[in-house]
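Chemist: Protein chains in written order, with our numbering: chain A, 1 to 111; chain B, 112 to 607; chain C, 608 to 1291; chain D, 1292 to 1476; chain E, 1477 to 2004. This is the structure, below, for whatever I ask next.
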Amino acid sequence: MESTFLQWLAEPGLTHYLMVSAILFSLGLLAVISRKNVIMVLMGVELILNSANLNFIAFSRFTELALDGQMIALFVIIIAAAEAAVALAIVLNIYNRFKTINLNEISLMKG
Amino acid sequence: MVENILNSIGHFYPEISIVVTLCVVIIADLLLKRENHTISWIFLAGLTVTGLLVLQQTGLNTSIFHDMAAVDPFAVFFKVILIIASLFIVLFSINSRELDPYKSRLGEYYMLIAGMILGMFLMVGSTNLLLIYLAFEMTSICSYVLAGFTKRALKSAEGSIKYIMYGAVSSGIMLYGISLLIGITAATDIYGVNASLAAGIDQPMILYIAILMIIVGIGFKIAVVPFHFWAPDVYEGAPITITAFLAVASKIAAVALMIRLFKVSFMDTASVQIIGDWPIFEGLNWNMLLAFMAALAMIAGNLTALKQDNIKRMLAYSSIAHAGYILMGFVVLTDEGITAIMIYVFMYLFMNLGAFYVAMLFSNKLNTESIEKYKGLGFRAPMECIAMTVFLIALTGLPPTAGFIAKLYIFGAAISAGWIWLVLIAGITTVISLFYYIRVVKNMFFFKSDGISEPLVFDAGSKVILFMLLIPVLLFGIYFTPIIEFARYSLKMFGM
Amino acid sequence: MLIQLSLIILLAPMLGFLVLIFAGKKLPRNGDWFATGLITLSFALSLYLLITKLTLHHGEAITGTMTWVVLGNAAEAGSLTVPFGIMIDNLAAVMLVVVTLISMLVHFFSVGYMHGDVRYSRYYAYLGLFSFSMLGIVLTDNLLMMYIFWELVGISSYLLIGHWYEKKSASNAANKAFIVNRIGDAGMFIGIMILFASFSTFAFGAIFDTVAAGNLPFNSTAWLTAAGVLIFCGAVGKSAQFPLHVWLPDAMEGPTPISALIHAATMVAAGVYLVARVFPILTADALLIIAYIGAITALIAATIAITQFDIKKVLAYSTISQLGYMIMGLGVGAYTAGFMHLVTHASFKAGLFLGAGSVIYAMHNALHKKNDHHTDAQDIRNMGGLKSRMPVTYWTFLIFTLAISGIPLTSGFLSKDEILAGTLAFGTLSGHWLLPIIGFAVAGLTAFYMFRLLILTFHGKHAGTTSLDDVVESPKVMTIPLMVLGALSLFVFYSFNPFGASSGWFFAAIERPASVVPALMQPATSAVFHDAVSSMHTLAMVLSILIAAAGVLFALAVYQWNKVSADRMASSLGFMYRGSLNKWYFDEMYGSVFVNGTIGITKILRWFDENIVDGAVNGAATVTSRISVVSRWFDNTVVDGLVNLSARLTEMTGTLLGKIQTGKVQTYFIYIVFSFIVLFFLFI
Amino acid sequence: MPGKPANDKPTYDEANRLMELSAILFYAFTVLTVGSAAYMVFSKNIVHAAFALIFSLSGVAALYVLLYADFVAATQILVYVGGILILILFGIMLTTLDFTENLKTVTVNMLPASLLSGAVAVLLLYVFFAAEWTTIVPADRDGTMYDLGMMLMNEYLLPFQIAGVLLLVAIIGALLMSTRHKNEP
Amino acid sequence: MELQLFGIGILTWIVFIPIVGVIIVLLLPDEKRNAIRSVAAAVTGIQVILAGIIFKYFDRSMLGINDASSFQFLEQYKWITVEAVPWVGKIEITYFLGIDGLSVLMVILTALISFIGVISSWNIGKMVKGYFALYLLLVTGMMGVFVSLDFFLFFIFWEVMLLPMYFLIGIWGGPRREYAAIKFFLYTFVGSILMLLVMLALYFSVAYTNTATGETIHTFNILHMMNPANYVDGSILAGVDTTWRYVAWMALFINFAIKIPLFPFHTWLPDAHVEAPTPISVILAGVLLKLGTYGLLRISFPIFPDGTIYFMYFMATLAMISIIYGAFCAMAQDDFKKLIAYSSVSHMGIVVLGIAALNTQGMVGGVLQMFNHGIITAVLFLVVGVIYDRTKKRGVNDFGGIANVMPRYTGVAIIGMFAALGLPGLNGFVSELFSFLGAFSSFRWITIISVTGIIITAAYILWTIQRVFLGKSPDEYLALPDLTAREMVAFVPLIILIILLGVYPAPAIELMNTSLSHLVELITNGGN
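Right under this line is the structure:
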């Protein structure tokens, strides 16, 4: 049993990569939920996107998905860039209006 | 290869037209730079052309760009709705005083709307998971910016940051779900996903997680409980034209996307017994999940709306509730249900836009969105208030308005499939909804305005737009055969 | 022919009502001549009809019907025709004459008595309505129509009692009369429904035939008894029988001629008429109940009458007592005697009331002249010595008093004697000896209190504070009716034998109908009963004369000769006296029982202690208004409260859900992830 | 399937050694990626966090290389490290007035956040670990650029074009949000 | 029987002529108040004339109820038709109007009360145009419900009444009008939703086969719903005595009970009545309440005979409670209008008791009571309105001695009150009599207890008469003017009807006899 587990450890396969991506995803989620700073939240989102991309690449390597996975990952990177640009622009605007980028201080509307 | 692309382009004119419009708007904006609404009319013309091109696609049932997207009656139906909504939004924008300080930026404004329309067109047509995500992001990114378009207004700025944060996280989660779905099925298009699942579900747990994560993303767009939290804040903050657009167009587009995705991917084609029935894969009871969410949406949306004073926020919660009613049709898993959804969104389009439009007219004159400030308006602007009353009772679902027909079909579908508990919840929440809709009416008509009593005068143009919305709401309440026929005809999806 | 005639009799007063209500004030003399003329016409025709009926059509009943409503599809089973019909038998013919006669006399009397009243024509209009309704009761051939006219006399009584509605006491009395009557009527209605539900008909004849054929309501004799007793409830209300007798004394708030007509002679006798009408279906049990109710009523009312000082109240209780007699008579099976007492009582009691009216009229005018508005014109303590000033009134009054006391040579002796004989016979047949004992006791009491009234009013010295020099005899239009009634109170009109009526024309005309109920439930048959009566007749006669004489003598001893002090007697009887004076606390009891019903008997007792004075509390009204307060509370608090509670809950949930909407995006993320996990577990 | 088939298969030993090597590299990069990511999440200093993210994303790029996705790895480095992160750093600079004070960022909702993220992590890890995968033998590739290029111009033409529009729209949108206009305050 | 004018059936005329009125009223300028009022009066007057024509030509011997061929003045046109779809069949909603013995009296009542409502609305001065537009819309709704034979159409008309009523109470009402209006709206709306659900369930359960084309057609036609043969096998409401049928019956019953209103669904009524302006109270009590019992008879009873029989005692018990409870509550009220409102609860209880008996007498009595109660409460509310107009007071204890001051008014009021009290010779008696008689054959004890309600009724009515009309008149009221000519126009027809139907009800009973007997037979035979 132990040897099989060791052997499993020694042969990084699809599961390994998926688990790395799972950890990245959770860390991203944690950052998103817990950090006050908008930019930190954005960085958390980038982690989430990267974890998804890692999945795509891993699947493209280990399943019949082949290059389609890589293709999707490329598009995701592009979209992430676009989204980050817009997000940062909005952050700048927020900063101009509120003089803060702490998310929990920006709540005029509730209820 | 090349023929495929060339053929596809032949079936891609509406989208191309939108992109062209987008470019024309930018260029025109650069050239004109005048603070009037010329740009609006140019955009309106572009949209009209697009609309005509959409209508030309009637009857097509084909796949384009290597199964990336489909052009089928189902997509055309939703494109028609989206175009109608967009046309109205442009007309609203022309009349909106709120946008006046930003007149010099109308080019960007329309360009972003064009981007959204493109995204939504792709949402209703795409059959590829990548394109779905792309279209989704396209729509989102444009709407993030649009929500903050009146950026000097603090609420608008706040709305846009909340929107993008929420949206980015939701779409991130959805992307993760898509990655898992693609991984376990080794297919990128929804037909492939279905084929793979039909061959056997190897990884049920991962599939569940994937479906749930995708629901998180789409649920965000539809603003269905429990993924709705952004909606009230964003709706309240965004300029009213954009709020209306978000509440109507992007919600409807997401509904279309969800129907296509779920119907094509997660249904067991092999075990079809009755035409029009959707058997789901055994053990994959996503309709129960949706029923649960629909019930939550109806309850939470309607109850929370009770306490709202800002008309936009109230309508936001109301639109959350309406998302619940729409999902009810989804739960039924028959073509009945989908027809009901299509009828619902068609009716919803007019009545919701109408309500937002009147709210905008009042906001133009009174500079307020508070329902309390509507007191006595019934005597100062009788026509608008009567129209508002009609829109609101249509939203409640009272005959003889379109809203009643919408509810009738949704309830009917649910009853015929035996979802009695869900219908009961829907019924009770409908009664509750009456409370807050009628509160607006009450304020308008039952009170004397404090001090001011001179009539509010609206120009003829704005009245024409009002009637363009009012007449369908009343007409479809009495004679709705064409809508039903249209919806039934549009049930056809490519590949099904 | 006779049917058409009866229709004219019936509708003539109605015509008077319609004309007077719409055009009364425009007619000369406000139309009193018109109404009086019409009723005189009715009377004349009734008399003709009676004679014709007795001579030409003695044994048969004359009927005529007209369809009122058809229910259901005529072609289908279960359809039903509701007819309006007229039936003239001897009972009805006699009753017609009684009603029209008294009514006519009252019309005449009122010309004097009501002269100058604010609503003079309205008064005559209502009299017409009453006469119409009463004649309807007499003429009808079915229970439904009976009930309809029954209610109509109730409403005319209500209108007339409340004639002087500016007085709170008058409108209170009117309400009380109607509502108490309604209680009885509701019972009667249920009784009618029982019969109708079983037999699908209202007609007396058809019902009797069906029962005779062996059909029972819901196949049970208990229901038949119930039907009888419930219909009798109507009579209990209308004839002011215990326990619904409380309204009649209050009804004296109405004009005195009305008291004479409605609350003495005719309407209250309708109950007796009703019992006589439905007699064939009354089972032995029902009859026993009826007899006892009659007896109790007679006794209670007589004991109250002894101590009253209001001249009209004394007469009112006397009326109740006499009605009890009649009911008891019918109950024991002395059918003809009971009905005969109705007829004789009608004349002398109407006479007594009109005489009292004459006295009150005179007193009132006298006091008015002196500008005395405080002295009660109806209190016998303020009278006395009127004999010389009002001779006609006095002498007629004396005749009536003798008649009611059952002194020989009067009509009252004849009928009362027969009833007492009947009770004695019933006692021998069934062993219920209490009934004759009460009967004779009441006879004595009647003689006593009537002579007390006579003496205190007319004899002796004037007892009041102001002198009554101005009292003068009433005008002719008032005294002539008194004289007519006085004449009619003599024996000769009913039987040529002053000591026995059974050989007279009346007994020949009115025969006890045969019972149709199943044999086991039948009372003693006519023949058996008749034999018993014959054997007891002499005994009854002797006893009744003796007891009446004793009563008269005692009254004379106390009030005329002052041999016995009334005050000492009162104080020695103590509790009995107070009870009688306070009408046995019926009003108070009705008020208190329902109010404090659930709280317990202690509170009732305390209430007795605290409330000696008659607060003119309308018992039923108090109860119901208390209950209604509770039900209003229930409505506002519980029923509405539940609705409001759900509204409140809805709102609270809304607020709560609003709280979730914190406005902080990161809190929303928590919700998303949390719902994600929850949904996942729901999903799998 | 486009792309050249792998001709020369490695011998068993070579394969074994490669496997060991790849395992070592995998763990090394995993530690780098996850470690920097964790540092980023928990770091109080936002600039440090940004640099930690650079390391983490570079680690991901390295993992891409291990997965034979050379072009994607290059893009990752170019776009992320060269683009997005610079953007983020600029963002930090522009929105921070006083570098000594405001670099520290506070956390909120730490307890529910860690509980929920932990739960998600456990859930995902368990599910992935428990899953039985039928993987195909990884096909070694020389490079993916050619194939990707072909696909981009064929099957993925539409997304490619749409992505272009998306970028255009995003750029204009970003400009709209971040610039001041002439008559704006 | 068909009557047409310009090719349009008389029922369409009578239903939609108020809509013509609405348009004319809206086109008139605000200032021409008298013109607006006259248009309303003319339109409702025409309705009365049309009702008279219907009364004259109505064939008293035709069955109606579930037999399309024996309905009269029938109009049926295709409205919504969706062509056949494989798994559902054809879908059909028709414009289907017709009357039978059950509805003809209600049509006449509606026309009459509407007209009288207009007359008594004459002195409403606030926003005359809006008032009459809404009023006429309301009239269309009411009339439409009584003549629709298609459930969908029925429902639309049913709901069309809601909003005008809401506004009429809410804008022209008393101080607590918004509360009353929303309460009315919400209660009724809850009921409507339940009815909507049942309607849909019925729709999916009922399909008939077109004999000509052989198509299976789903329809909202009420008459088809009455035929057990039309229920699709396995559908939710198929079969007899199933749980779902009982549930559906109950849902419908709650809807109608709210409208009637039966205890415990009645609490909207006093509020609505108190706050509504007089003519609206007249309409509300005179016509709207009848919609509830009419609905029971038109829809619940014949479509669900099994449920009706099953819940017979339940209905009767509620009716009994309403009779007694309503009467008690009425007695406790100080507000004249509230008193009458509660008396309506009591009197409508009698209707339900009668119809729940499921025999001819009870049914005839019940339907006649619907008509009579409509007339009587109309009079009573007008009575309150008159005194309120003059004194701006409504408390029963505020008055006294009015009889001396306003004799004509008192006469009218007392006739109305006596009719409510069930005095023979006036119409209320006849219908109460038959209702109770019928009920007694079916439920002995419930009826016996209910009958005690008439005692309480007598008590509170007499007490009210005493407090308002009798006694000495306070000085402030000595100068009150008696009824004006216009007020007399409103009162006289009603008073005449009260007396006429009290003395000779046969003309009214003849109208409905055949149909109601057929209805009873239909129910007792379980729908065959």
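All C-beta atoms in this analysis are idealised placements derived from N, C-alpha and C, irrespective of residue type, glycine included. What you are looking at is a predicted structure, and each value in this text was computed from that prediction instead of being measured.
Would you give the residue range spanned by the beta strand (DSSP E) that C/PRO856 belongs to?
Modeler: Where C/PRO856 is concerned, there is no enclosing beta strand (DSSP E), although the alpha helix (DSSP H) it sits in stretches over 854-857.
Chemist: Does the beta carbon of C/ILE1291 sit closer than 8 Å to a beta carbon anywhere in chain A?
Modeler: Among the CB atoms of chain A, none fall inside 8 Å of the CB of C/ILE1291.
Chemist: Counting pairs of beta carbons, one from the segment 1847-1863 of chain E and one from the segment 1923-1932 of chain E, are three or more of them closer than 8 Å?
Modeler: no
Chemist: Using only the alpha-carbon positions, how far apart do A/ILE101 and D/VAL1332 sit?
Modeler: 17 Å
Chemist: Measuring alpha carbon to alpha carbon, tell me which residue in B/VAL552, B/ARG208, B/LYS423, B/SER215 is nearest B/VAL136.
Modeler: B/SER215
Chemist: Measure from the C-beta of A/MET109 to each C-beta in chain C and report whether the shortest distance is under 8 Å.
Modeler: yes
Chemist: With distance defined between alpha-carbon atoms, name the residue in C/SER1096, C/GLY962, C/ILE1045 nearest to C/ALA905.
Modeler: C/ILE1045
Chemist: Am I right that B/PRO511 and E/VAL1636 are in contact with their C-beta atoms under 8 Å? What's the rounded C-beta distance?
Modeler: In this structure, B/PRO511 and E/VAL1636 form a Cβ contact; the two beta carbons are roughly 6 Å apart against a cut-off of 8 Å.
Chemist: With 16 as the cutoff for other CB atoms within 10 Å, does E/PHE1945 come out buried or exposed?
Modeler: buried
Chemist: Would you please verify whether the beta carbon of B/THR415 is less than 8 Å from any beta carbon of chain C?
Modeler: yes
Chemist: Pull out every residue of the segment 1925-1958 of chain E whose Cβ sits closer than 7 Å to any Cβ of chain C, in chain order.
Modeler: VAL1927, THR1928, ILE1930, ILE1931, ILE1932, ALA1934, ALA1935, LEU1938, TRP1939, GLN1942, LEU1946, GLY1947, LYS1948
Chemist: Can you tell me whether E/LEU1512 is buried or exposed, with buried defined as 16 or more other CB within 10 angstroms of its CB?
Modeler: Checking the sequence shown, residue 1512 of chain E turns out to be Ile, not Leu. When all chains shown are included, E/ILE1512 counts as buried.
Chemist: Taking DSSP as the reference, what is the three-state secondary structure of C/LEU1212?
Modeler: Because the pLDDT of C/LEU1212 is 28, which lies under 50, any placement of that residue in the model is unreliable, and the question is left without a value.
Chemist: Within 10 angstroms of the Cβ of C/GLY1222, are there 16 or more other Cβ atoms? Answer buried if so, exposed if not.
Modeler: Caution applies to C/GLY1222, whose pLDDT of 31 falls short of 50 and renders its modelled position unreliable; the model cannot decide the point.
Chemist: Can you tell which of B/LEU417, B/LEU472, B/ILE228 has the C-alpha that lies nearest to the C-alpha of B/PRO493?
Modeler: B/LEU472
Chemist: For the pair the segment 760-773 of chain C and the segment 803-816 of chain C, tell me if three or more CB-CB distances fall below 8 Å.
Modeler: A contact is defined here as three or more CB-CB pairs under 8 Å, and the segment 760-773 of chain C fails this definition with respect to the segment 803-816 of chain C.
Chemist: Does any residue of chain A bring its CB to less than 8 Å from the CB of D/ASP1433?
Modeler: D/ASP1433 does not count as touching chain A.
Chemist: Starting from C/ILE669, trace the alpha helix (DSSP H) in both directions and tell me its first and last residue.
Modeler: From DSSP, C/ILE669 is part of no alpha helix (DSSP H) but of the beta strand (DSSP E) over 669-678.
Chemist: Starting from the beta carbon of C/ILE1284, find every residue of chain D whose beta carbon is closer than 9 Å, and list them in chain order.
Modeler: Going along chain D in sequence order, the residues near C/ILE1284 (Cβ under 9 Å) are LEU1407, ALA1410, VAL1411, LEU1414.
Chemist: Would you say A/ARG35 lies against chain D (beta-carbon separation less than 8 Å)?
Modeler: yes
Chemist: Give a yes or no on contact between the segment 313-324 of chain B and the segment 233-253 of chain B, applying the rule of three or more CB pairs nearer than 8 Å.
Modeler: no
Chemist: Report yes or no: is there a C-beta of chain E within less than 8 Å of the C-beta of C/TRP675?
Modeler: yes
Chemist: What number of angstroms, rounded off, separates the C-alpha of C/ILE869 from the C-alpha of E/VAL1491?
Modeler: 53 Å
Chemist: Helix or strand or just coil, what does DSSP make of E/TRP1744?
Modeler: helix
Chemist: I want to verify the contact list: residues of chain B whose CB lies under 7 Å from the CB of D/MET1468, in sequence order.
Modeler: Those within 7 Å of D/MET1468 in chain B are VAL256, GLY259, LYS262.
Chemist: Check the Cβ-Cβ distances between B/ILE312 and every residue of chain C, and say whether any is below 8 Å.
Modeler: Closer than 8 Å: no.
Chemist: Excluding the five sequence neighbours on either side, which residues of its own chain have a C-beta within less than 8 Å of the C-beta of E/GLU1551, listed in chain order?
Modeler: GLY1485, LEU1487, THR1488, TYR1571, PHE1572, LEU1573, GLY1574
Chemist: Can you give me, in chain order, the residues of the segment 160-191 of chain B that have a beta carbon less than 9 Å from any beta carbon in chain C?
Modeler: none
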